[in-house]
Amino acid sequence: MSALDFTAMMREEKKIAKAKLKNASRAGVEGEIEGGQISSEGAVEEGIEKKKITDTDTGKIEGNETIVNSIPPIALPTAPPLSPPSPAPAGLDYYADFIDEETEMAIASYARSHQNWNTLKHAKRRVLEIAKGDVDWGGCDGSYIETLCNVLISMGVFPSKLPPNHLLINEYTGCQGILPHTDGPMYNSTTATLSLESSTIFYFKKRLRSDEIGVVNDEVIGGKVLLKPRSLVVFAGDWYEKYLHGIDEEQEEECGLDVLGAEEGESVVRGHRISLTLRHKY
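Numbering (UniProt numbering), first residue to last: 1 to 282.
Quick look at the structure:
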């Protein structure tokens, strides 16, 4: 079966599952959310036992042996995030193990299922942009993205009036990095990035005003974060507006005391990495 046939098959299965979900809702059955977990439908309940309804049912698809796995809920973080100490500005939060390995594999599979990747001319990095409303946002296993969005809103990362509506997926291989940059005014000043499969060190450096260029040292690093697989980093406010962020092109790096989420001397060897960045685009 070709990849295109498989994608079409999954989309058809999703339509069938949504019809089941709609009928179940009419019968008064709601999605099960236990211990503060959130499904793709966005409902949150605690201490109430309910029948679990997901966007796809587990089972064999008629006519072949392909298994469609049910989409597990994503739990709200129970531990507070790591943040840089004062006098660093507020607005930079790091959550280790934000998702489990099963969900990591499913989301990575979702990312790889798309056909519309672009390869950047100079960086040679593959990127994929998806806007809410695009077919790919809710395509094969796309309900994972809605689930992530609902979790981030429930955490207060994004206000419900400015929910995530833009997804940027980056694929890094080996020592590939990204030049220091700012996301700019076309987005609300909050960014949430989920890392999959490999670690890297993410850094911030001061964004210079036009009158500071050539006068102020622009190589001073304002903060570093070790982005481990399954981790989430959120930055907003000054970290978004007054700092650039980037990733060095290094195959292997050693962490110092200034790296959030790392042990001193911890070695980071780059492998294949996928990142998903969610933002609200105006």
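Just so you know, even glycine gets a beta-carbon here, dropped at the ideal spot from N, CA and C. Just so it is clear, the structure is predicted and the values come from calculations on it, not from any experiment.
Counterpart residues of residue i in DSSP-defined beta bridges
{"i": "Gly223", "result": "Phe204"}
{"i": "Ser195", "result": "Ser275"}
{"i": "Leu82", "result": "Tyr94"}
{"i": "Glu252", "result": "Val269"}
{"i": "Asn118", "result": "Val127"}
{"i": "Ala236", "result": "Thr190"}
Status (buried if at least 16 other CB within 10 Å, exposed otherwise) for residue i
{"i": "Val268", "result": "buried"}
{"i": "Thr103", "result": "buried"}
{"i": "Ile145", "result": "buried"}
{"i": "Gln115", "result": "exposed"}
{"i": "Thr147", "result": "buried"}
{"i": "Tyr282", "result": "exposed"}
{"i": "Glu264", "result": "exposed"}
{"i": "Thr78", "result": "exposed"}
{"i": "Ala90", "result": "exposed"}
Enclosing beta strand (DSSP E) for residue i [first to last residue]
{"i": "Val268", "result": "Ser267 to Val269"}
{"i": "Ile247", "result": "Tyr243 to Ile247"}
For residue i, the nearest candidate out of the options (CA to CA)
{"i": "Ile178", "options": "Asp248, Asn150, Ser113 and Met155", "result": "Asp248"}
{"i": "Ala192", "options": "Val151, Pro89 and Thr119", "result": "Val151"}
{"i": "Gly246", "options": "Leu162, Ser275 and Pro164", "result": "Ser275"}
{"i": "Trp117", "options": "Val233, Gly184, Asn170 and Ser231", "result": "Asn170"}
{"i": "Asp134", "options": "Met155, His122, Ala262 and Leu168", "result": "Leu168"}
{"i": "Ser198", "options": "Asp183, Arg207, Leu227 and Lys132", "result": "Leu227"}
{"i": "Met155", "options": "Gly237, Gly265, Phe235 and Leu76", "result": "Leu76"}
{"i": "Ser195", "options": "Glu241, Gly237, Met105 and Pro89", "result": "Met105"}
{"i": "Tyr187", "options": "Thr277, Cys175 and Ala108", "result": "Thr277"}
{"i": "Phe98", "options": "Ile107, Ala90 and Gly91", "result": "Ile107"}
N- and C-terminal bounds of the alpha helix (DSSP H) containing residue i
{"i": "Arg126", "result": "Segment Arg126 to Ala131 is the beta strand (DSSP E) holding Arg126; no alpha helix (DSSP H) there."}
{"i": "Tyr144", "result": "Ser143 to Met155"}
Proximity of residue i and residue j at Cβ, strictly below 8 angstroms
{"i": "Val259", "j": "Ile201", "result": "yes"}
{"i": "Lys205", "j": "Pro180", "result": "yes"}
{"i": "Lys121", "j": "Asn165", "result": "no"}
{"i": "Tyr95", "j": "Arg125", "result": "no"}
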